[in-house]
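Trainee: Going down the list, the protein sequences come from chains A and B. Taken in order, the first sequence gives residues 19 to 353; the numbers are from my numbering. Taken in order, the second sequence gives residues 19 to 353; the numbers are from my numbering.
Number of protein chains: 2
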Amino acid sequence: MRRSKAVTLVDVARLAGVSVATASKALNNRSEVREATKTRVHEAARSLSFEHNAMARSLSRGRSGTVGLLTSDLEGRFSLPILMAAEDAFGADEISVLLSDARGDAIREQRHVRTLAAKQVDALMVVGSLTDARRSLGSALPFPVAYVYTPSDDPADFSLTPDNVQGGRIAAEHLLSTGRRRIAHVRGLPTAQAARDRALGIDAALTASGVPLAHRTDYGEWTERWGRSATLMLLDTHPDIDAVICDSDQIARGALDALHARGRRVPTDVALIGFDNWELITADTNPPISSVDMNLDLLGRRASELLFAAIDGSPLPTGVERTDCRLVARGTTIP
Amino acid sequence: MRRSKAVTLVDVARLAGVSVATASKALNNRSEVREATKTRVHEAARSLSFEHNAMARSLSRGRSGTVGLLTSDLEGRFSLPILMAAEDAFGADEISVLLSDARGDAIREQRHVRTLAAKQVDALMVVGSLTDARRSLGSALPFPVAYVYTPSDDPADFSLTPDNVQGGRIAAEHLLSTGRRRIAHVRGLPTAQAARDRALGIDAALTASGVPLAHRTDYGEWTERWGRSATLMLLDTHPDIDAVICDSDQIARGALDALHARGRRVPTDVALIGFDNWELITADTNPPISSVDMNLDLLGRRASELLFAAIDGSPLPTGVERTDCRLVARGTTIP
DNA sequence: CTGTTAGCGCATTCAG
DNA sequence: CTGAATGCGCTAACAG
Numbered sequence: 019m020r021r022s023k024a025v026t027l028v029d030v031a032r033l034a035g036v037s038v039a040t041a042s043k044a045l046n047n048r049s050e051v052r053e054a055t056k057t058r059v060h061e062a063a064r065s066l067s068f069e070h071n072a073m074a075r076s077l078s079r080g081r082s083g084t085v086g087l088l089t090s091d092l093e094g095r096f097s098l099p100i101l102m103a104a105e106d107a108f109g110a111d112e113i114s115v116l117l118s119d120a121r122g123d124a125i126r127e128q129r130h131v132r133t134l135a136a137k138q139v140d141a142l143m144v145v146g147s148l149t150d151a152r153r154s155l156g157s158a159l160p161f162p163v164a165y166v167y168t169p170s171d172d173p174a175d176f177s178l179t180p181d182n183v184q185g186g187r188i189a190a191e192h193l194l195s196t197g198r199r200r201i202a203h204v205r206g207l208p209t210a211q212a213a214r215d216r217a218l219g220i221d222a223a224l225t226a227s228g229v230p231l232a233h234r235t236d237y238g239e240w241t242e243r244w245g246r247s248a249t250l251m252l253l254d255t256h257p258d259i260d261a262v263i264c265d266s267d268q269i270a271r272g273a274l275d276a277l278h279a280r281g282r283r284v285p286t287d288v289a290l291i292g293f294d295n296w297e298l299i300t301a302d303t304n305p306p307i308s309s310v311d312m313n314l315d316l317l318g319r320r321a322s323e324l325l326f327a328a329i330d331g332s333p334l335p336t337g338v339e340r341t342d343c344r345l346v347a348r349g350t351t352i353p
Numbered sequence: 019m020r021r022s023k024a025v026t027l028v029d030v031a032r033l034a035g036v037s038v039a040t041a042s043k044a045l046n047n048r049s050e051v052r053e054a055t056k057t058r059v060h061e062a063a064r065s066l067s068f069e070h071n072a073m074a075r076s077l078s079r080g081r082s083g084t085v086g087l088l089t090s091d092l093e094g095r096f097s098l099p100i101l102m103a104a105e106d107a108f109g110a111d112e113i114s115v116l117l118s119d120a121r122g123d124a125i126r127e128q129r130h131v132r133t134l135a136a137k138q139v140d141a142l143m144v145v146g147s148l149t150d151a152r153r154s155l156g157s158a159l160p161f162p163v164a165y166v167y168t169p170s171d172d173p174a175d176f177s178l179t180p181d182n183v184q185g186g187r188i189a190a191e192h193l194l195s196t197g198r199r200r201i202a203h204v205r206g207l208p209t210a211q212a213a214r215d216r217a218l219g220i221d222a223a224l225t226a227s228g229v230p231l232a233h234r235t236d237y238g239e240w241t242e243r244w245g246r247s248a249t250l251m252l253l254d255t256h257p258d259i260d261a262v263i264c265d266s267d268q269i270a271r272g273a274l275d276a277l278h279a280r281g282r283r284v285p286t287d288v289a290l291i292g293f294d295n296w297e298l299i300t301a302d303t304n305p306p307i308s309s310v311d312m313n314l315d316l317l318g319r320r321a322s323e324l325l326f327a328a329i330d331g332s333p334l335p336t337g338v339e340r341t342d343c344r345l346v347a348r349g350t351t352i353p
């Protein structure tokens, strides 16, 4: 019935001349084993290149050493940095990541959650690509759950999301501090929470400085195309603006094209700032685009640490925790 | 010692009034169980909302229902589509994906492989971001391994990679078929296998048509900046070119900028085609950029299917299998 | 068709 | 400090 010739604890114990029990303790570095036998066992294990069978170990320990990572869209640019940070953070603690992409489908998501539960994940991280709240998975899950980027709508859950109000504020403050006074805001989809929050932050900063907002687009989209057309219109209706805040780097890139097309010098005549700090978009333009970074890697790392602690017993916080954004100044705002 | 109140097969069996063995068979839909008891067991399971413990099941079955996905750079744009396709394909077969990102570090990769082995993955998919061959993980692994995108240097391994020679050929053929005769090739990094293969394909197509290549850059990079500067130089030295093949969409995007800056109409005066079909880059320009798609999703799906079959016993092929690229014609080559 | 009996590989009492 | 015994939850023979 022995399926494979994989070396097991029995083999190690035999070679070391001890019982499996002792071998187990030795390999787990338990204190109640004499140093001498401990090294003997370790050597035996090494010479057989023994590797613990994680399934068996988990079964008896009641812990799988695995966390689930449930994402709604891997394609998007938000899940990935979070996922990477999490994989990194957990990896350091010898925890593996079980990845599931629900493709934005609730049915599929439910199925995945059940599978993850069956696989006995020790914790679950739910990552979305919008900062609008999502339906909670419920509190009946037998492991801690953290909602990252996209918060849960249940205040009893723990959510971790960027503070876009603060993000909007630092964008505006940066422009104000570099002397801009005619600031326009080209929005992303206005129904999106991120766009609304940033508008709030921008308004707060401007109000605090007694500077009125020059213009805000009524409508918005997250595309470069929209950034281009919106900025062209903006330059027609408000030719005197000296700064534009765009709700994403893609929008900002379109805006930059438009500014150039209209002969505005950037940043001399008009400053420009985006959101996301997506290097692919911002770094290779002329000049490179300043942007607000949502610190997604930090988000992922913090979520991982809290989940790790939760696995170890210290309960997860409750409610929504917001993390600061960070301004990355580049050529479109500073010469 | 019972750690949690999780419902087990024992509970289900008791409620259904059968033995655990029968309950197990019933839930696994084995034929040697009477229909009546089968449904009775199923009902019991449902009413207790029983969920199999995957660890226990795997331990006794000798299969974990999990495959490892080892990537060297998640950030890049090549791993992700493959990963998504794999996650998708395996998901349909109730197999979960254990994700590990080695960050291009060989030491870390070794550690991850050991961890995955300890977790008893049923198969492993190794994904890279270059088509240059990589060192094999060796043939001693106790599960089937597929190298995807980046092939292994050991012909005994199974590798699946895009056919960039064919990709180069269809790019050139497309331009020829639309009447172009002065075709230039702006390369990516010339030491990269992908760039070399495409050059071969382009040359083959042109030779077959008796059309000489107008120019090929000596040097190359995978950046937009390079596309811009290379194309500007190209227009100076070869003002009469009527088509440009770029080794990536980013390069092509830079090239498009340069063409516009020099007042060339695209595609009327000069046609343009890139590689990768990265919608983010190609879809939103004016006009949208034609591109060669490497069918990465297909690559991921096929690898998954073969691995799945390998788990079921039919051995993996050996050597390198190349999959066709596909031309996506957009505004830069057809009006 | 159903139940009994053995493990899967390891960690953990609890005696020695 | 060490080892024999027990169980984690489930599946796989093998008898009935």
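Backbone N, C-alpha and C define an ideal beta-carbon position, used for all residues, glycine too. All values derive from a computational prediction rather than experimental measurement.
Between Gln184 (chain B) and chain A, is the shortest Cβ-Cβ distance under 8 angstroms, so that the two count as touching?
Mentor: no
Trainee: Using beta-carbon positions only, say whether Glu339 (chain B) and Leu178 (chain B) come within less than 8 angstroms of one another.
Mentor: A distance below 8 angstroms separates the beta carbons of Glu339 (chain B) and Leu178 (chain B).
Trainee: Any residues in the stretch 134 to 157 of chain B with a beta carbon nearer than 8 angstroms to a beta carbon of chain A? Which ones, in chain order?
Mentor: Leu134, Ala135, Ala136, Lys137 and Gln138
Trainee: By the DSSP assignment, the beta strand (DSSP E) with Ser309 (chain B) in it spans what residues?
Mentor: Ser308 to Asp311
Trainee: Using a Cβ-Cβ cut-off of less than 7 angstroms, list which residues of the stretch 268 to 287 of chain A approach chain B; keep chain order.
Mentor: none
Trainee: Does the distance from the CB of Glu239 (chain A) to the CB of Gly206 (chain A) come in under 8 angstroms?
Mentor: yes
Trainee: Which residue's Cα is closest to the Cα of Val284 (chain A): A:Ala54, A:Leu324 and A:Arg348?
Mentor: A:Arg348
Trainee: What whole-angstrom Cβ distance do Ala72 (chain A) and Lys43 (chain B) have, given they're in contact under 8 angstroms?
Mentor: 27 angstroms between Cβ atoms; not a contact.
Trainee: From the DSSP secondary-structure annotation, give me the bridge partner or partners of Val183 (chain A).
Mentor: According to DSSP, which records beta bridges pairwise, Val183 (chain A) is partnered with nothing at all.
Trainee: Taking 7 angstroms as the limit between beta carbons, can you name the residues of its chain near Ser227 (chain B), skipping five residues before and five after?
Mentor: For Ser227 (chain B), where only same-chain residues beyond five positions count, the Cβ hits under 7 angstroms are Leu194.
Trainee: Is Leu290 (chain B) close to chain A, meaning its C-beta is less than 8 angstroms from at least one C-beta of that chain?
Mentor: So no, Leu290 (chain B) is outside the interface.
Trainee: Kindly give me the distance between the Cβ atoms of Ser269 (chain A) and Val204 (chain A), rounded to whole angstroms, as I take these residues to be in contact under 8 angstroms.
Mentor: The identity of residue 269 (chain A) in the sequence shown is Ile, whereas the question assumes Ser. At roughly 6 angstroms, the Cβ-Cβ gap stays under 8 angstroms, so Ile269 (chain A) and Val204 (chain A) are in contact.
Trainee: Flag this pair as touching only if the stretch 275 to 292 of chain A and the stretch 321 to 330 of chain A have three or more C-beta atom pairs under 8 angstroms; answer yes or no.
Mentor: no
Trainee: Cβ of Met251 (chain A) less than 8 angstroms from any chain B Cβ?
Mentor: no
Trainee: Tell me which same chain residues have a C-beta within less than 6 angstroms of the C-beta of Asp221 (chain A), skipping the five on either side of it?
Mentor: Excluding positions up to five away in sequence, the list is empty.
Trainee: Name the chain A residues whose beta carbon is nearer than 7 angstroms to that of Ala312 (chain B)?
Mentor: Going by the sequence as given, residue 312 (chain B) is Met instead of Ala. Those do not exist, as Met312 (chain B) stays about 16 angstroms from chain A at its closest Cβ, beyond 7 angstroms.
Trainee: For chain B, is any of its Cβ atoms less than 8 angstroms away from the one on His60 (chain A)?
Mentor: no
Trainee: Where do the N-terminal and C-terminal ends of the alpha helix (DSSP H) with Ala273 (chain B) fall, by residue?
Mentor: Unbroken alpha helix (DSSP H) run through Ala273 (chain B): Asp267 to Ala279.
Trainee: Does Val433 (chain A) pass the burial test, meaning 16 or more other C-beta atoms within 10 Å, or should it be called exposed?
Mentor: A query on residue 433 (chain A) cannot be resolved here, the shown segment of chain A reaching from 19 to 353 and no further.
Trainee: Quick test of the definition: if touching needs 3 or more C-beta pairs under 8 angstroms, does the stretch 270 to 278 of chain B touch the stretch 131 to 148 of chain B?
Mentor: no
Trainee: Since Phe108 (chain B) is in the alpha helix (DSSP H), which residue starts that stretch and which ends it?
Mentor: For Phe108 (chain B), the enclosing alpha helix (DSSP H) stretches over residues Ser97 to Ala110.
Trainee: Would you verify that the beta carbon of Pro305 (chain B) is, or is not, closer than 8 angstroms to some beta carbon of chain A?
Mentor: No, Pro305 (chain B) lies away from the interface with chain A (no Cβ there is under 8 angstroms from its Cβ).
Trainee: Kindly say whether Asp215 (chain B), judged by its beta-carbon, lies nearer than 8 angstroms to any beta-carbon of chain A.
Mentor: no
Trainee: Taking the alpha-carbon positions, what's the Ile188 (chain B) to Met312 (chain B) distance?
Mentor: 12 angstroms
Trainee: Would you give the residue range spanned by the alpha helix (DSSP H) that Arg58 (chain A) belongs to?
Mentor: Glu53 to Ser65
Trainee: Show which residues of chain B have a CB atom less than 9 angstroms away from the CB atom of Asp29 (chain A).
Mentor: Result: empty, since nearest Cβ-Cβ is about 15 angstroms, beyond 9 angstroms.
Trainee: Does DSSP put Thr341 (chain A) in a helix, a strand or coil?
Mentor: strand
Trainee: My understanding is that Leu334 (chain A) touches Phe176 (chain A), with C-beta atoms under 8 angstroms, so please give their C-beta distance in whole angstroms.
Mentor: With 8 angstroms as the limit, Leu334 (chain A) and Phe176 (chain A) qualify as a contact, their Cβ atoms being about 4 angstroms apart.
Trainee: Helix, strand or coil for Ser42 (chain A)? Go by DSSP, reduced to three states.
Mentor: helix
Trainee: Relative to the alpha-carbon of Thr26 (chain A), which residue among A:Gly35, A:Leu66 and A:Lys56 has its alpha-carbon at the smallest distance?
Mentor: A:Leu66
Trainee: Using the rule of at least 16 other Cβ atoms within 10 Å of the residue's Cβ for burial, across every protein chain shown, is Pro173 (chain A) buried or exposed?
Mentor: If you draw a 10 Å sphere on the C-beta of Pro173 (chain A), you find fewer than 16 other C-beta atoms in it, and that means exposed.
Trainee: In chain order, what residues of the stretch 235 to 261 of chain B put their CB closer than 7 angstroms to some CB of chain A?
Mentor: Thr241, Glu242 and Arg243
Trainee: Residue ranges of each beta strand (DSSP E) run of no fewer than 3 residues wholly in the stretch 111 to 153 of chain A, ordered along the chain?
Mentor: 114 to 119 and 141 to 145
Trainee: Run through chain B and tell me which residues come within less than 8 angstroms of Val115 (chain A), C-beta to C-beta.
Mentor: Leu116, Leu117 and Ser118
Trainee: Roughly how many angstroms lie between the CA atoms of Ser154 (chain B) and Phe68 (chain A), to the nearest whole one?
Mentor: Linking Ser154 (chain B) to Phe68 (chain A) through their CA atoms gives a straight-line distance of about 22 angstroms.
Trainee: When the Cβ atoms of the stretch 52 to 65 of chain A are set against those of the stretch 75 to 82 of chain A, are three or more pairs found closer than 8 angstroms?
Mentor: no
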